[in-house]
Structures are given as C-alpha cells and as structure tokens.
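Heads up, the thing below is written out as structure tokens.
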Amino acid sequence: MISSLSVLEYGQTGVITEISKYSRELNALGIRVGKIVKMVTKQPIKGPVVVMSGEVVVAIGIEMASCITVNTGIVPPGSA
1 MISSLSVLEY
11 GQTGVITEIS
21 KYSRELNALG
31 IRVGKIVKMV
41 TKQPIKGPVV
51 VMSGEVVVAI
61 GIEMASCITV
71 NTGIVPPGSA
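Numbering follows UniProt numbering, with no gaps: position 19 of the sequence shown is 19.
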C-alpha cells in the first residue's frame, strides 16, 4: 500500500519510494529513496513524527513527513 509517511501507524514500516520536497535536508538525516523506515511515534495535532531509518532515530515535522511517499507492501520480513 502506498501512503504518506505522516499517516503510518505506530510500529508500521515502509520503503521510501518518493520524496517530493526537502530531499536535500532529508538526505542529510539519512532518509532517502529506497530506505526502510519504521514509525516510532507521532505527536497529535500536527506535531512531529519520529521514525527509525536503519539504526538512526529521527524526528521530523509533519509537513516534511507528508512529502515522503512510502510503500508498506514491499518491506522484506524481519528488516525493520
């Protein structure tokens, strides 16, 4: 299933398929196309989301997270 990173549920993982904005900033944080990310937590009312990419935990704003498209249907088992 393809969706925005900002709408993933807690503990859900996905592979990043597209980054429509902020690609330079996200790349510096280790978030890039092809990486597997896991939703750690998200704050209510447009607060930041915390995701794990590899061994790195990163907090990003909800606007930035909404620019990241992930596919939750192609994550290899046991990879996140």
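Note that the Cβ used here is the ideal one computed from N, Cα and C, for glycine as well.
Because the structure is a prediction, the values reported are computed rather than measured.
Selection from the options that minimises the alpha carbon distance to residue i
i	options	result
K42	M1, I74, G11, I2	G11
K21	G61, N71, V40, I74	G61
T69	P48, M52, G34	G34
A65	I19, M1, V15	I19
V40	G14, R32, G73	G14
I16	I36, S23, M52	I36
Collapsed DSSP secondary structure at residue i in the structure displayed
i	result
I60	strand
C-beta contact flag for residue i and residue j at 9 Å
i	j	result
V50	L29	no
I31	S6	no
Contact set for residue i: own chain, Cβ-Cβ below 6 Å, skip 5 residues either direction
i	result
S4	S66
Same chain, Cβ closer than 8 Å to residue i, five either side skipped, listed in chain order
i	result
M1	N71, T72, G73
As an exercise, report each continuous alpha helix (DSSP H) stretch of at least 4 residues that is fully enclosed by the stretch 2-43, in chain order. Restricted to the stretch 2-43, the alpha helix (DSSP H) segments that are unbroken, complete and at least 4 residues in length are 23-28, listed in chain order.
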